[in-house]
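Taking it in order: structure first as structure tokens, then the write-up.
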Amino acid sequence: MPDSVRDSVRRLMTDIFQLDPRAISDSAEMGAPEQWDSGNHVRLVLALEEEFDVSFEIPEIEAMTSFQGVLSALESKLSS
Amino acid sequence: MFEFRSGRERLGAAFCTGDYYQARQAVVDLLEENASGRVLRVIAGLVKRHSDILAGAKPAKIALLSSYSAEFLDDALVVACFLKGVTPELYQAAFNQFRQEILDPGSSLYSFSPDAVILSVLGEHLCPSLYDRLPTSDTRQIEETVAEFKGLFDALRIRSSAPLLVQNLLPPSYPVFGVGDACLPFGQRQQVQRINARLGEISREQTGIYVVDYEALVARHGFLAWHDERMRYLAQMPIDKRMFLPLASEYAKIVNVLKGGAKKCVVLDLDNTLWGGIVGEDGVDGIRLDTIYPGNAYKAFQQALRALNERGVLLAVASKNNPADVDEVFDKHPHMVLTKGDFAAMQVGWQPKSQMIETIADELSIGLEHIVLIDDNPVECAEVSRALPMVRTVVFPCQPERFAAVLAEEGLFDVLQFSKEDRNRAQLYKQRAAAENLRSRAADLEDFYRSLEMEIVIEPVNAASLSRTAQLTQKTNQLNLTTYRYSEADIAARLRDPSWYCCTVTVRDRFGDNGIIAVMLAQHVADRLILDTFLMSCRVIGRTVETAMLAHLCDVAERFGARLVEAKLVPTPKNVPVRSLLPDHNFVPSGEMNGASTWRLDLSTRRIRWPEWFRVLDREPLSTPV
């Protein structure tokens, strides 16, 4: 996964969760930080779809509940 | 992947100027490049942070009640309102709490005291069986759904006079009977259409209720493209993210009309706007205006303008051209749809367009903020925006086939009611121009007044004039002592209160009927009659109509048993022409607070005389209840 994708994801999370980029670690997941709640999860998915011009299916959305999960979901979309 | 760091900086800088028009332009530029959710979020954040310091925008409290997770619309709604000159404070009830919020007198909705309430309830939530069951062959479901809507409207009206924007219903995406639905006597689509028709009826009967035509909006964008089935089931948000802004913009169009933001006049360029090519170079025979492309697209645009003119929007021309060339097109070109007579003002010459527009605004007595310039040349638009930031400029795209849609898309001229005055407006402005001509010839002012053969009718506001009265309070800026804006519901409340006197003024002259051109609202308090609102259309300025109105007010005060007439002047940047009204009529200053001044006329020592050149018709008795 190129760093630019990782950075973009972090920046989107920063925007949506309204947090400092440093508050979003590689081990972030839904619920930690607490701003990553179900509403913001939907916002994040919609933003990722727009940013990377992809579309996720519901099982993928449900599996994207961690920083790593988001990266691997994106990876499989972008490489296919 | 879109990078908008530099765009974001430009945007931030524009907001920091504190000037709405600069900030708006930066927002429009950015949205043109990219209207993603991320961009909307950034813009909405800036609007919220700068809402109290943006000169030129108006704050408004807007409540959105919905049956789905409408909080995802927040950013789009802030941006859409901002584009219409409103910085909104939003209130969102929790998911599917619209009934409780409306029915509970102690709900947060009412403590928020909204300026407007949007009710966005989906049909499948309001009346599930109409959507997911075999349609029944009676009207029971229609009646029940309409009754539920009515119950909600009534409950809201008891506790709030805020305008209510109610969204109508969509038919099911795939009716139970599929292709057969349209043939059934009670197909689902037909039942939903009937409910929507009833909502339209209710909005015509009850003041302050406006239908958001969701059905038409979704049809325009395409039913399947509008929806996101994943998010419908995952997040209770059935609308696709790309449709958030179009939906929010539809709400904002109505908010814009309610705050008096409808544009009144469209100023048009000629070359490459009303026709293809440049008449000065190509000649009258060389311009493109006929039945084949691109001439047919220009013709269609002229037809759209003609319909706009029929609706009461004034047309004007600002063109850099030789007047003789332009005259030749109007006189000789067989495919011109618009005639010279359709234009209320025409500026053809070589001065800057900003000057032409100022002249047009003066001639027609309309505020610059009610004017839209349409031009194919971005440089001309920029010159106008720099000199007159309140004039809205629309740069036309290179493709004439898109002109008519661009004109309609933003709803710039949209209104919520259509009055007799709207129908006749273009005619009225022509009469006014004729009267101006006569005035220059009249040797003596009183002779001029007499020569107009004016008739005046001052009568209490009634059911027929209620909507026009509210409309005048919302859009009259110049000859307006206090500029208090009232909804129909506000006026109706005063009509029920016997201490209030609310009247309209109609003036006819030898050139025609001007319709209702002025309004007074006054309240009797102890020994005083307090003039709350005095407004008059600029159309009849300089004809002593205002003197007649104040003379009438003295009569009213006397009948109420008041000793004094008290009036307030609240200065605004627009109401300069009205500032001398009170001293000119012998009112004396009696106090000042926060820039507003109070004036009094003691009826025991002073009366205002009726100007003798008016024929006074049907002066009806006081306070006829509506």
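Going down the list, the protein sequences come from chains Y and U.
Sequential numbering from 1 applies to the first sequence in the numbering used here.
Sequential numbering from 1001 applies to the second sequence in the numbering used here.
Glycine included, C-beta positions come from ideal geometry on N, C-alpha and C.
### Task
Establish whether the CB of A32 (chain Y) and some CB of chain U are separated by less than 7 angstroms.
Here residue 32 (chain Y) refers to the residue found at position 32 when the first sequence is read from its first residue. Chain U contact via Cβ: absent.
### Query
By Cβ distance below 8 angstroms, which residues in the same chain neighbour A1304 (chain U) in space, the five residues on each side in sequence not counted?
Here residue 1304 (chain U) refers to the residue found at position 304 of the second sequence. Here the set comprises F1403, A1404, L1407, A1408.
### Query
DSSP puts M1231 (chain U) in a beta bridge; with which residues?
If you number the second sequence from 1, residue 1231 (chain U) lands on position 231. Bridge partners of M1231 (chain U): none, in fact.
### Message
I'd like the ranges of any beta strand (DSSP E) spanning at least 3 consecutive residues and lying wholly in the stretch 1341 to 1380 of chain U.
### Response
1343 to 1349, 1371 to 1375
### Query
How about A47 (chain Y): is its C-beta nearer than 7 angstroms to some C-beta of chain U?
Residue numbering aside, residue 47 (chain Y) sits at position 47 when the first sequence is read from its first letter. Answer yes: the Cβ-Cβ gap between A47 (chain Y) and chain U drops below 7 angstroms somewhere.
### Message
Tell me which residues share the same chain as F67 (chain Y) and place their Cβ nearer than 6 angstroms to its Cβ, disregarding the 5 neighbours each side in the sequence.
### Response
Taking the first sequence and counting its residues from 1, one reaches residue 67 (chain Y) at position 67. Closer than 6 angstroms at Cβ, skipping near neighbours: D26, A28.
### Query
Is there contact here, the stretch 1342 to 1359 of chain U with the stretch 1302 to 1319 of chain U, by at least three beta-carbon pairs under 8 angstroms?
yes
### Exposure of M1593 (chain U), with buried meaning 16 or more beta-carbon neighbours within 10 Å
Locating residue 1593 (chain U) in the second sequence gives position 593, counting from the first residue. Its Cβ having fewer than 16 others within 10 Å, M1593 (chain U) is exposed.
#### Entry: Three-way DSSP call (helix, strand, coil) for M30 (chain Y) in this model
By 1-based counting over the first sequence, the position of residue 30 (chain Y) is 30. DSSP places M30 (chain Y) in coil when its eight states are reduced to three.
### Task
Report yes if the CB atom of V1395 (chain U) is closer than 7 angstroms to the CB atom of P1378 (chain U), and no otherwise.
Working through the second sequence from its first residue, we reach residue 1395 (chain U) at position 395. Working through the second sequence from its first residue, we reach residue 1378 (chain U) at position 378. Yes.
#### Entry: Distance between L1364 (chain U) and V1267 (chain U) (C-alpha atoms, nearest Å)
To locate residue 1267 (chain U), count along the second sequence from 1; it is residue 267. To locate residue 1364 (chain U), count along the second sequence from 1; it is residue 364. C-alpha separation (whole angstroms): 12 angstroms.
#### Entry: Inter-residue spacing [alpha-carbon to alpha-carbon] between A1518 (chain U) and N1034 (chain U)
Position 518 of the second sequence, counted from the start, is the residue given in the question as residue 1518 (chain U). Position 34 of the second sequence, counted from the start, is the residue given in the question as residue 1034 (chain U). If you take the alpha carbons of A1518 (chain U) and N1034 (chain U), they lie about 45 angstroms apart.
### Task
Determine the burial state of I1292 (chain U): buried for a count of at least 16 other Cβ atoms within 10 Å of its Cβ, exposed for fewer.
One-based indexing of the second sequence puts residue 1292 (chain U) at position 292. The residue in question, I1292 (chain U), is exposed, as its Cβ has fewer than 16 Cβ neighbours within 10 Å.
### Message
Among the candidates U:A1070, U:L1199, U:V1588, U:G1012, whose CA atom is the shortest distance from the CA of L1054 (chain U)?
### Response
Reading the second sequence from its first residue, position 54 is the one you call residue 1054 (chain U). Ranking the options by Cα distance to L1054 (chain U), first place goes to U:G1012.
### Query
Pairing CB atoms from the stretch 1247 to 1267 of chain U with CB atoms from the stretch 1081 to 1095 of chain U, are three or more of them under 8 angstroms?
yes
### Task
Could you run through the stretch 1070 to 1090 of chain U and flag, in chain order, every residue whose CB is less than 8 angstroms away from some CB of chain Y?
E1071, F1072
### Task
Would you kindly check if the distance between the Cβ of A1162 (chain U) and the Cβ of V1211 (chain U) is under 7 angstroms?
In the second sequence, the residue the question calls residue 1211 (chain U) occupies position 211. In the second sequence, the residue the question calls residue 1162 (chain U) occupies position 162. Result no, Cβ atoms of V1211 (chain U) and A1162 (chain U) do not sit closer than 7 angstroms.
### Counterpart residues of V1117 (chain U) in DSSP-defined beta bridges
Within the second sequence, numbered from 1, the residue matching residue 1117 (chain U) stands at position 117. Paired residues: U:A1063, U:L1164.
### Query
Looking at chain A, which residues of the stretch 1029 to 1042 of chain U have a Cβ within less than 7 angstroms of any of its Cβ atoms?
As a matter of chain content, chain A is missing from the structure shown, whose protein chains are Y and U.
#### Entry: Among U:H1585, U:L1466, U:A1361, the one whose alpha carbon lies nearest that of G1206 (chain U)
In the second sequence, the residue the question calls residue 1206 (chain U) occupies position 206. Correcting the residue identity first, residue 1206 (chain U) is Gln in this sequence and not Gly. Per the Cα distances, U:L1466.
### Query
Ends of the alpha helix (DSSP H) at P59 (chain Y)?
The sequence position of residue 59 (chain Y) within the first sequence is 59, counting from 1. Per DSSP, P59 (chain Y) belongs to the alpha helix (DSSP H) from 58 to 63.
### Query
Run through DSSP, which three-state label would A1596 (chain U) get?
Indexing the second sequence from 1 puts residue 1596 (chain U) at position 596. Strand, per DSSP.
### Start and end residues, alpha helix (DSSP H) containing L1270 (chain U)
Counting from one through the second sequence, the residue named residue 1270 (chain U) turns up at place 270. Per DSSP, L1270 (chain U) belongs to no alpha helix (DSSP H) and is neither H nor E.
### Message
Please classify I1158 (chain U) as buried or exposed, where buried requires at least 16 other C-beta atoms within 10 Å of its C-beta.
### Response
By 1-based counting over the second sequence, the position of residue 1158 (chain U) is 158. Result: exposed.
### Task
Determine the closest residue to Y1131 (chain U) out of U:A1235, U:I1366, U:R1189, with distance taken between C-alpha atoms.
Taking the second sequence and counting its residues from 1, the one referred to as residue 1131 (chain U) is at position 131. When only C-alpha atoms are compared, the closest one is U:R1189.
### Query
Is it the case that the Cβ atoms of D1342 (chain U) and L1315 (chain U) are separated by a distance below 7 angstroms?
Stepping through the second sequence from its first residue, residue 1342 (chain U) is reached at position 342. Stepping through the second sequence from its first residue, residue 1315 (chain U) is reached at position 315. Yes; because the gap between Cβ atoms is below 7 angstroms, this pair is in contact.
### Any chain U beta carbon closer than 7 angstroms to E50 (chain Y)
Residue 50 (chain Y) sits at position 50 when you count from the first residue of the first sequence. Yes, because at least one Cβ of chain U sits closer than 7 angstroms to the Cβ of E50 (chain Y).
### Query
Which same chain residues, not among the five before or five after L44 (chain Y), have their C-beta less than 7 angstroms away from its C-beta?
Walking along the first sequence from the start, residue 44 (chain Y) turns up at place 44. Closer than 7 angstroms at Cβ, skipping near neighbours: L12, M13, I16.
### Query
Hey, how far is the Cα of V1176 (chain U) from the Cα of L1156 (chain U)?
As a first step, residue 1176 (chain U) is located in the second sequence; it is residue number 176 there, counting from the start. As a first step, residue 1156 (chain U) is located in the second sequence; it is residue number 156 there, counting from the start. Each residue's alpha carbon lies about 34 angstroms from the other.
### Task
Please check if any C-beta of chain U sits within less than 7 angstroms of the C-beta of V9 (chain Y).
As a position in the first sequence, residue 9 (chain Y) is number 9, starting the count at 1. V9 (chain Y) does not count as touching chain U.
#### Entry: Under the three-state DSSP convention, the category D1527 (chain U) falls into
Indexing the second sequence from 1 puts residue 1527 (chain U) at position 527. Here D1527 (chain U) sits in coil by DSSP.
### Query
How many whole angstroms separate the CB atoms of V1326 (chain U) and L1270 (chain U), which I take to be in contact at a CB cut-off of 8 angstroms?
As a first step, residue 1326 (chain U) must be located in the second sequence, where it is residue number 326. As a first step, residue 1270 (chain U) must be located in the second sequence, where it is residue number 270. Right, their Cβ atoms sit about 6 angstroms apart.
### Query
Does the beta-carbon of C1265 (chain U) have 16 or more other beta-carbons within 10 angstroms, so that it is buried, or is it exposed?
As a working mapping, residue 1265 (chain U) is identified with position 265 in the second sequence. Label assigned to C1265 (chain U): buried.
### Query
Mind pulling the chain U residues with CB within less than 9 angstroms of V42 (chain Y)?
Taking the first residue of the first sequence as position 1, residue 42 (chain Y) is located at position 42. Residues of chain U passing the Cβ test: S1069, F1072, M1231, L1234, A1235, M1237.
### Message
Suppose only complete runs of 3+ residues qualify. What are the beta strand (DSSP E) ranges in the stretch 1091 to 1115 of chain U, listed by chain order?
### Response
none
### Query
How is the beta strand (DSSP E) around R959 (chain U) delimited, first residue to last?
The question about residue 959 (chain U) has no answer here: the residues shown for chain U are numbered 1001 through 1626.
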